[in-house]
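What follows is a short report on a single structure.
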Amino acid sequence: MCGIVGYAGENNAAPILLDGLEKLEYRGYDSAGLATIGKSGIDIIKAKGRLAALKERTENGKLMQGTVGLGHTRWATHGKPSDENSHPHTGGNGRVAIVHNGIIENYNEIKEMLKNRGRSFYSETDTEVAAQLIDYCYKGNILEAVAEAVREMRGSYALGVMCSEEPETLIAVKCRAPLIVAYTENGNMFASDVTAVLKYTKEITYLDDDEIAVITKTDAEFYTPFLDKLSKKRELTKLDVSAADKGGFEHYMLKEITEQPEAVRRTTEKFIKNSRVDLSEVLPEAFARKIGKIFIVACGSSYHVGMAAKYNIEKLARTPTEVVYASEFRYSDPLVDKASLVILISQSGETADTLEALREAKRLGAETLSVVNVKGSSIAKASEHVIYTKAGPEIAVATTKAYSAQLAVMALIALYLADLRGTVSSEEYSVIVSELEALPEKLERIIKNRADIQYPAYRYFNNEKLFFIGRNTDYALSLEGSLKLKEISYMHSEAYAAGELKHGTISLIEEGTPVIAVVTCRRLAEKTVSNASEVRARGARVMTVTAESMRSLVEHESDDVITVPDTHEALMPSVSVVPLQLFAYYIALYRGCDIDKPRNLAKSVTVE
Ligand code: M6R
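In terms of my numbering, the sequence shown is residues 579 to 1186.
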């Protein structure tokens, strides 16, 4: 949510900032803006809507002079998307300009205080309040002013600040929202994430919470809000500039779908040695053996991974597992204790609900393990144990490769626990491990034959609504298929546990209503096929997703059949999710949707 870029260097700042903002578009936004320091002070240009509007307004940055500047993409929280509410915001009649990601929780209090001291406000945003506060604190040193303001502000935010009286300097602040500093040949930068700077450098410093960076063309220094100097290390990111481009694909989503085999391979290879799953480095054996209960806490697609994992952990490791929405966890008085393992799943590692749930779990004394894709993210840093999914940067708002990498990690966890607890036979254990190793090749096969999914998608794209049904892990998968479809194609869809349909929802089935039946659990196939036949009898058109070896079990009750390679039942979600992702992709394509940046959505949701 929101993207921030700052540059202080030798080159014209605006084109570099626009380029960085383009790489951050995936985070979700509804307006954008730039500020640079020119000869006559701070120059600001902003525009509601897509970055293209800002590019046009600034003639690709050429209209803005200055080698020091800030850029921002805004996802509205306080105040509607508009030119006026867009960032940068200013304080003190334009002396200070800031860009901001996140929320300043006590902004009303601060606003009242500033109003009583004669300040007036031009926008509805909490960001303008922060800008005015910094200006109010300014007594000739911008670092001191920002530090004083930070000591007053509560919330989760990242800030970029510039001051016309110190035109060579940028200040960046991290407080529970992501921010990195980067060092390029011709100057220094900061940004919400590494993708914005990869074109210029691989040398990065990851900021921690409550840290302030002072950035000039030649230097970067770091401080606490009490102005104690910090020494921070520089790291070389392994990510390549190609990670942030489309690599010839029409959309990031399709590119990322095709990257799934590699994402799964990279994520799992480290933990499979000599055909054994070894997670002892991240989940010590002694603790793993005595876990009383597992809570899986996450949002959106990551929550759906948790749903599939619950079935596997309970079946294989016989450990009670509860899956809870992160936004509900902390308010549900969860029965968590020292014998509980709380697993937080998050692609971004910045989802505010998940981060708060993690803090609650720690407060309650549970052991915490996060499954996170972004290195150095807030959730990764705050958890006791971390497993990184190695999916690489995921740019499309709709998650695909991170989801698959998360599923693979959860399968590793289930297997590791089952082994330690002696709840899985050695034969079954070996089959699952070798199937895990074979997964990338099976995913490749599905992706190669993606036209098989494109054709049926064409038959369904004009429908207004669609249903998904499945049982157990197929139900978890149905939820994910439905979410994918809704978020990128805006087609209304619902996912149902197949047996539940007849308890109400079946009244929505009419002549021609599409129903996607996910039937990959062999032992439940007959039951779900009966549910498919119930809806067909009422006019539904059924497309079934099933394993190659199960085709004959389903085709008599299907209008279309999509098959995926067979694997162990615990891994079926990993293969069957791919056609569902592709189905959503092609439907959205035929409906002419903005696939990578669906309306109203942000890639990382940093507000509760
Ligand atoms: O970064 P996270 O995994 O914590 O994000 C959780 C959800 O916001 C995310 O999965 C969302 O549902 C995606 N847009 C789904 O494609």
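Glycine included, each C-beta is placed from N, C-alpha and C at the ideal position.
As the structure is a computational prediction, the values presented were derived from the model and not from experiment.
Residue i and residue j closer than 7 Å at C-beta
i: T651; j: M642; result: no
i: L817; j: I872; result: no
i: L995; j: A895; result: yes
i: M831; j: D1174; result: yes
i: E1013; j: L1149; result: yes
i: T794; j: A591; result: no
i: K953; j: T773; result: no
i: A821; j: G970; result: yes
i: Y685; j: I973; result: no
i: A631; j: I676; result: no
i: A980; j: K1062; result: no
i: A935; j: R908; result: yes
i: C877; j: D915; result: no
i: V707; j: L776; result: no
i: T1193; j: A939; result: Since the first residue shown for the chain is 579 and the last is 1186, residue 1193 is missing from the structure and cannot be characterised.
i: L599; j: G649; result: yes
i: A1166; j: S1067; result: yes
i: K1065; j: P1176; result: Inspection of the sequence shows that residue 1065 is occupied by Glu rather than by Lys. The answer is yes: Cβ separation under 7 Å.
Cutoff 6 Å; reference residue i; Cβ partners in own chain excluding five residues on either side
i: S742; result: G619, I620 and R673
i: F1161; result: I1031 and A1035
i: R941; result: none
i: A798; result: V759, N766 and A791
i: I1087; result: V1113, R1116 and A1118
i: A1110; result: A1095, V1120 and E1135
i: R1169; result: F1039 and S1067
Assumed close pair residue i, residue j - CB separation to whole angstroms, cut-off 8 Å
i: V1142; j: V1153; result: 4 Å
i: K810; j: T783; result: 5 Å
i: E702; j: H667; result: So it is not a contact: roughly 11 Å between Cβ atoms.
i: S956; j: R754; result: 6 Å
i: I749; j: L721; result: 6 Å
i: L990; j: F849; result: 5 Å
i: Y714; j: R732; result: Y714 to R732, Cβ: 17 Å. No contact.
i: R1049; j: A1029; result: Rounded, the Cβ-Cβ distance is 29 Å, inconsistent with contact.
Heavy atom of the ligand M6R within 6 Å of residue i beta-carbon
i: G878; result: yes
i: S926; result: yes
i: V1183; result: yes
i: K976; result: Rather than Lys, the amino acid found at residue 976 in this sequence is Ala. Yes; taking the cut-off as 6 Å, the Cβ of A976 has a heavy atom of the ligand M6R nearer than that.
i: T929; result: yes
i: T932; result: yes
Own chain residues within Cβ distance below 7 Å of residue i, not counting five before or after
i: V751; result: V724, V728, A736, L737 and I790
i: M984; result: One detail in the question is off: residue 984 reads as Gln in this sequence, not Met. These residues qualify, in order along the chain: S880, V883, I923, V949 and T967.
i: H829; result: A974, I1173 and D1174
Reference residue i, options the options, closest by Cα
i: T846; options: E834, V1011, K601 and Y778; result: V1011
i: E1126; options: E1078, K1020 and Y714; result: K1020
i: K959; options: A989, E828, A976 and G927; result: G927
i: K633; options: A613, L596, L785 and G669; result: L596
i: N589; options: A631, L612 and T645; result: T645
i: T897; options: C877, S905, I869 and M885; result: I869
i: N1256; options: K624, L857, V1156 and E900; result: An answer regarding residue 1256 cannot be provided, because it is not within the stretch 579 to 1186 covered by the chain.
i: T762; options: L748, S770, T705 and T779; result: T779
i: A1073; options: E1088, E1089 and T1051; result: T1051
i: M740; options: G647, Y903, I682 and T1098; result: G647
i: V1183; options: K689, L612 and G606; result: G606
i: K851; options: A1115, D771 and S1008; result: S1008
i: V875; options: S905, K848, D856 and A866; result: S905
i: G670; options: V1002, R695 and E1078; result: R695
i: L1017; options: E781, I965, A986 and E900; result: A986
i: S770; options: L1102, I582 and L805; result: I582
i: F804; options: N951, K1080 and E726; result: E726
i: E1078; options: S1071, R1101, Y1053 and T836; result: Y1053
i: E962; options: V860, R1023 and K888; result: V860
i: K640; options: S1085, T1001, P593 and E892; result: P593
Contact set for residue i: own chain, Cβ-Cβ below 8 Å, skip 5 residues either direction
i: K626; result: D608, S609, P659, S660, D661 and S664
i: I1094; result: L1044, F1045, F1046, I1047, S1056, G1059, V1120, M1121, T1122, V1123, L1158 and F1161
i: E746; result: A586, V646, T794 and K795
i: Y1164; result: I1031, Q1032, A1035, Y1036 and F1039
Distance cut-off 6 Å: residue i Cβ against heavy atoms of the ligand GDP
i: T1051; result: Looking for the ligand GDP in the displayed structure turns up nothing; the ligands present are the ligand M6R.
Short CB-CB distance (under 7 Å) between residue i and chain D
i: P1018; result: You won't find chain D in this structure, because it holds only one protein chain.
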